[in-house]
Amino acid sequence: MFGGTRIGVVRKAVGMNRRALLSSAAVTSIGAFAGCLGARAQRSPSIGGGTVSLGPGEETTLYLSATTVGAIEFERVPATETVVFEIDAATLSPSPSDRTDSSPPCWRWAETRSNVDLEVPIRATEDARPGEYAYAITAWGDADRDDADSVTKEHTITIMDSSSD
7 MFGGTRIGVV RKAVGMNRRA LLSSAAVTSI GAFAGCLGAR AQRSPSIGGG TVSLGPGEET
67 TLYLSATTVG AIEFERVPAT ETVVFEIDAA TLSPSPSDRT DSSPPCWRWA ETRSNVDLEV
127 PIRATEDARP GEYAYAITAW GDADRDDADS VTKEHTITIM DSSSD
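One point on numbering: in our numbering, the residue at position 79 of the sequence shown is 85, and numbering is uninterrupted.
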């Protein structure tokens, strides 16, 4: 009689350990999966800055910053000669690994960068008409430029009326 009770107690103890083990495994799996989802969300690129105002005949520097970047490219530069982007004089930090010879160029890094700063000199011609001129820039999370891991942000350059000074 005591032998049967002892076996029942041992089975209950093993069953409790099995439940605890399965419970721990489930919690660990959920935590690992949630961590993967969180890591994916952190890899999405973002773009900041890029909106400036200037008057006819003035020059300034356009400052942009991007996070989680493998490649970056201007998408739509104003199709006007009144706002001139000096893209060939642009500086990027850190320096890209590669630059395409397209117009506008695409800058790429061998490894995804957590932060990239881009400075582009711009100028408005003397006869620039007041108004807003839109342009866009796209950042990709990797140098392969996978559209699933990209963001495009539109910015404006405002040419102010010179008589409003």
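Glycine included, C-beta positions come from ideal geometry on N, C-alpha and C.
Query raised in the report: If you count every other CB in all the chains shown that lies within 10 Å of the CB of Glu79, and 16 or more means buried, which is it?
Result: Residue numbering aside, residue 79 sits at position 73 when the sequence shown is read from its first letter. Glu79 should be labelled buried.
Query - Proximity of Gly54 and Asp148 at Cβ, strictly below 8 angstroms - result: To locate residue 54, count along the sequence shown from 1; it is residue 48. To locate residue 148, count along the sequence shown from 1; it is residue 142. No; because the gap between Cβ atoms is not below 8 angstroms, this pair is not in contact.
Query raised in the report: For the beta strand (DSSP E) that Ser169 lies in, which residues bound it at each end?
Result: Here the question's residue 169 lines up with position 163 in the sequence shown. Premise fails: Ser169 is in no beta strand (DSSP E) and is neither H nor E.
Requested in this report: State buried or exposed for Thr74, treating a residue as buried only when at least 16 other CB atoms are found within 10 Å of its CB.
Outcome: The residue labelled residue 74 in the question sits at position 68 within the sequence shown. By the 10 Å Cβ count, Thr74 comes out buried.
Query raised in the report: Where does the unbroken beta strand (DSSP E) through Glu65 begin, and where does it stop?
Result: Taking the first residue of the sequence shown as position 1, residue 65 is located at position 59. From DSSP, the beta strand (DSSP E) with Glu65 extends over Glu65 to Arg82.
Report task. Along the beta strand (DSSP E) that carries Gly56, what are the first and last residues, could you check? Result -> In the sequence shown, the residue the question calls residue 56 occupies position 50. First-last for Gly56: undefined, no H or E at that position.
Query - Neighbour-count burial assignment, Ala116, 16 or more Cβ in a 10 Å radius - result: Translated into positions along the sequence shown, residue 116 becomes position 110. Classification for Ala116: exposed.
Requested in this report: Could you pull out every residue in the same chain whose Cβ sits closer than 8 angstroms to the Cβ of Ser156, ignoring the five residues on either side in sequence?
Outcome: Sequence index remark: in the sequence shown, residue 156 carries index 150 (1-based). Pro51, Thr144, Ala145, Trp146 and Gly147, listed in sequence order.
Requested in this report: Under the assumption that Pro100 contacts Val122 (Cβ atoms under 8 angstroms), give the Cβ distance between them as a whole number of angstroms.
Outcome: By one-based count along the sequence shown, residue 100 stands at place 94. By one-based count along the sequence shown, residue 122 stands at place 116. Yes, Pro100 and Val122 are in contact; Cβ-Cβ is about 7 angstroms, under 8 angstroms.
Query raised in the report: Would Ala72 be called buried (16 or more neighbouring beta carbons within 10 Å of its own) or exposed?
Result: Residue 72 sits at position 66 when you count from the first residue of the sequence shown. Label assigned to Ala72: buried.
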